[in-house]
Amino acid sequence: METTTLQAEVRAGRGKGPARRLRAEGKVPGVFYGPGVEPTPLTLSPKELIKALRGERGRNVVFKLSVDGKDELAMVRDLTTDPVTQELLHIDLCRILEDWVLEVQVPFRTRGRSVGVVQGGVLNVTRRVLPLRTTPANIPVSIEVDVTHLGLKDTISVEDIELPAGVECALQPKLTLVIILEPRKATAAEVEEDEAAAAAAAEAVKPVAEPEKVDA
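FYI, the numbering for the sequence shown is 57 to 272, going by my numbering.
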């Protein structure tokens with residue numbers, strides 16, 4: 057199973073004051089908890105965390121968390137960032153085991169340009185992430201579907217997606233994920249309005265008739 061090593065130290069102080077001082081020192085306060093372990097406040101390196109979270113797995117990265125010489129598997133349960141600077145302020149890490157079935161949010165992407173889009177239709181993707189259930193080792197980076205064969209009004213539902221072995225989607229099988237919408241047709245009222253506007257514009261730019269010449 058692919059893991060990312062993350063070093064951490066047990067944090068002595070709790071509360072906003074000690075956490076604020078840690079951030080002033082360039083560190084990130086966090087907490088590690090889960091079944092079988094006591095909640096443990098941690099001090100972590102922002103450099104290591106940000107590098108891992110910006111990787112292809114994002115928040116689905118599996119950490120090998122090393123605390124006081126003991127290793128535990130962990131995943132991100134929650135994180136807090138500054139709304140303006142996006143600075144990482146706090147992170148919750150949850151203990152996991154290799155054989156646990158987890159529910160994770162995985163990016164959903166489409167590939168190709170569909171026949172329906174070439175015909176003037178619009179590709180509508182109803183979900184950008186999918187809730188998947190699987191073990192830590194089987195978490196996919198993303199789920200991608202080919203849409204090149206889709207014509208106007210064609211759809212792709214949850215049940216149409218080919219998922220990796222050991223992975224299932226938590227959504228209803230019939231739920232539509234992709235649809236090619238038909239080009240929008242103008243109503244009769246809109247056509248009349250456009251024609252009236254065009255006629256008014258033509259009238260506005262009509263050249264002024266030259267004055268008749270009068271013999272002196």
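Glycine is no exception: its CB is placed at the ideal position from the N, C-alpha and C atoms.
{"query": "Delimiting residues of the beta strand (DSSP E) encompassing proline 95", "result": "93-100"}
{"query": "CA-to-CA distance, glutamate 143 to leucine 121, given in whole angstroms", "result": "22 Å"}
{"query": "Proximity below 7 Å, CB of isoleucine 147 to CB of proline 192", "result": "no"}
{"query": "Straight-line gap, tyrosine 89 to threonine 96 (C-alpha atoms, nearest Å)", "result": "6 Å"}
{"query": "Backbone CA spacing between glutamate 200 and threonine 166 [nearest angstrom]", "result": "5 Å"}
{"query": "For leucine 78 and leucine 231, the rounded distance between their alpha carbons", "result": "46 Å"}
{"query": "Inter-residue Cα distance where the pair is glutamate 218 and threonine 211", "result": "15 Å"}
{"query": "Short Cβ contact (7 Å threshold) for arginine 189 with glutamate 224", "result": "yes"}
{"query": "Whole-angstrom C-beta distance between glutamate 238 and leucine 208, which should lie under 8 Å", "result": "5 Å"}
{"query": "DSSP three-state assignment for aspartate 155, whether helix, strand or coil", "result": "coil"}
{"query": "Every unbroken alpha helix (DSSP H) inside the segment 137-223 [4 residues or more]", "result": "171-174"}
{"query": "Inter-stretch contact (C-beta, 8 Å, three-pair minimum) for the segment 131-145 and the segment 163-181", "result": "no"}
{"query": "Assigned exposure category for glycine 111 - 16 Cβ within 10 Å defines buried", "result": "exposed"}
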